[in-house]
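Below is one structure, written out as structure tokens, with a few remarks after it.
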Amino acid sequence: MGTKKRGEQMEKRSSLFNLEEVSPSSSEKGKGKERGKSRSSRRSGKNKKTGRGDLFEQPKGVEVELWTDGSSLGNPGPGGWCAILIFKNGSRLRLQGREEFTTNNRMELRGVIEGVAKTPPGSKITVYSDSTYVVNGINDWLKKWVAKKFKGVKNRDLWEKLWSLMQEREVKGKWVKGHSHYELNKLCDLVARDQVDKIPLPAEGKERHYWET
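When you read off a place in the sequence shown, starting at 1, and then add 272, the result is the number in the numbering used here.
Quick look at the structure:
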């Protein structure tokens with residue numbers, strides 16, 4: 273699929289779900305201010321001045337759908353990830369990022385980590401992913417890895433970070449078939465691959481480095 277056509281499909285699907293884009297590297301100093309609002313007016317948790325809900329003022333125990341996907345061109349190679357959060361009160365958020373040299377599994381995990389990190393402690397999160405690596409890791413493997421102190425676990429740094437976030441949240445994984453009828457899964461896939469396309473080739477003699485939108 274060409275970059276132009278992918279961009280058109282991303283725009284179409286994003287408008288269908290009324291998604292707001294927010295940088296995962298945004299400063300947390302802006303908590304409570306007007307940012308990352310959903311444009312829908314029919315929800316709870318509205319800002320009195322604007323009539324809009326604030327993604328960063330969610331109640332403790334809020335239920336969240338987290339749709340994620342990761343992609344890499346080559347394994348390892350340049351990669352991208354996407355996370356879409358759907359809060360129970362109607363607020364919605366899309367995150368995305370990219371790395372110059374990574375693996376598909378690391379990008380799958382980055383999407384989950386960045387999404388979970390944007391939820392308040394006490395959240396009840398269901399992670400929807402087409403990666404059995406992610407879903408099995410969350411539901412079954414993590415506790416075993418913790419018991420053996422992550423000895424010999426690939427992508428240990430990312431799994432340890434996810435485990436740390438899970439200590440203050442209820443997180444469960446749900447597998448979905450990729451490239452099927454799940455529109456949010458399709459959108460995550462498009463965004464992740466689009467992030468890969470945005471990575472320029474490094475100049476000769478230059479070290480690889482990391483970007484994030």
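No residue lacks a Cβ here, since even glycine has one placed at the ideal position from N, Cα and C.
Residue(s) in a DSSP beta bridge with residue i
{"i": "Ile397", "result": "Val336 and Val443"}
{"i": "Phe359", "result": "Val336"}
{"i": "Arg378", "result": "Answer is none; Arg378 lacks a bridge partner."}
{"i": "Leu345", "result": "DSSP lists no partner for Leu345."}
Extent of the continuous alpha helix (DSSP H) run through residue i
{"i": "Leu462", "result": "Glu455 to Asp469"}
{"i": "Leu430", "result": "Arg428 to Met438"}
{"i": "Lys421", "result": "Per DSSP, Lys421 belongs to no alpha helix (DSSP H) and is neither H nor E."}
{"i": "Thr391", "result": "From DSSP, Thr391 is part of no alpha helix (DSSP H); its letter is neither H nor E."}
{"i": "Gly411", "result": "Contrary to the premise, residue 411 reads as Asn rather than Gly in this sequence. Segment: none, Asn411 is in no alpha helix (DSSP H) and carries neither H nor E."}
Sequence-distant residues of its chain with Cβ nearer than 6 angstroms to residue i (five each side left out)
{"i": "Asn408", "result": "none"}
{"i": "Glu337", "result": "Ile358 and Thr398"}
{"i": "Ile385", "result": "Lys433 and Leu434"}
{"i": "Glu300", "result": "Any reading at Glu300 is ruled out, since the residue's pLDDT is 35, under 50, leaving its predicted position unreliable."}
{"i": "Glu440", "result": "Pro393"}
{"i": "Gly333", "result": "Gly394"}
Per-residue burial, residue i [other beta carbons within 10 Å of its own, 16 or more giving buried]
{"i": "Ser395", "result": "buried"}
{"i": "Thr404", "result": "exposed"}
{"i": "Ser312", "result": "Legend: pLDDT at Ser312 = 35, less than 50; position of this residue unreliable, value from coordinates given subsequently. It is exposed - the Cβ of Ser312 has fewer than 16 other Cβ atoms within 10 Å."}
{"i": "Gln368", "result": "buried"}
{"i": "Glu371", "result": "buried"}
{"i": "Ser401", "result": "buried"}
{"i": "Ser467", "result": "According to the sequence displayed, residue 467 carries Gln and not Ser. The residue is buried, with at least 16 neighbouring Cβ atoms inside 10 Å."}
{"i": "Pro350", "result": "buried"}
{"i": "Glu455", "result": "exposed"}
{"i": "Arg465", "result": "buried"}
{"i": "Ser452", "result": "exposed"}
{"i": "Gly424", "result": "exposed"}
Short Cβ contact (8 angstroms threshold) for residue i with residue j
{"i": "Trp435", "j": "Leu414", "result": "yes"}
{"i": "Asn347", "j": "Asn376", "result": "yes"}
Beta-carbon proximity list for residue i, same chain, < 7 angstroms, skipping 5 on both sides
{"i": "His481", "result": "Any answer about His481 is weak, because its pLDDT of 43 lies below 50 and its placement is not dependable; what the coordinates show is given next. Hits under 7 angstroms: Glu372."}
{"i": "Arg428", "result": "Phe422"}
{"i": "Gly445", "result": "Val399, Ser401, Val406, Val407, Ile410 and Asn411"}
{"i": "Val443", "result": "Val388, Ile397, Val399 and Ile410"}
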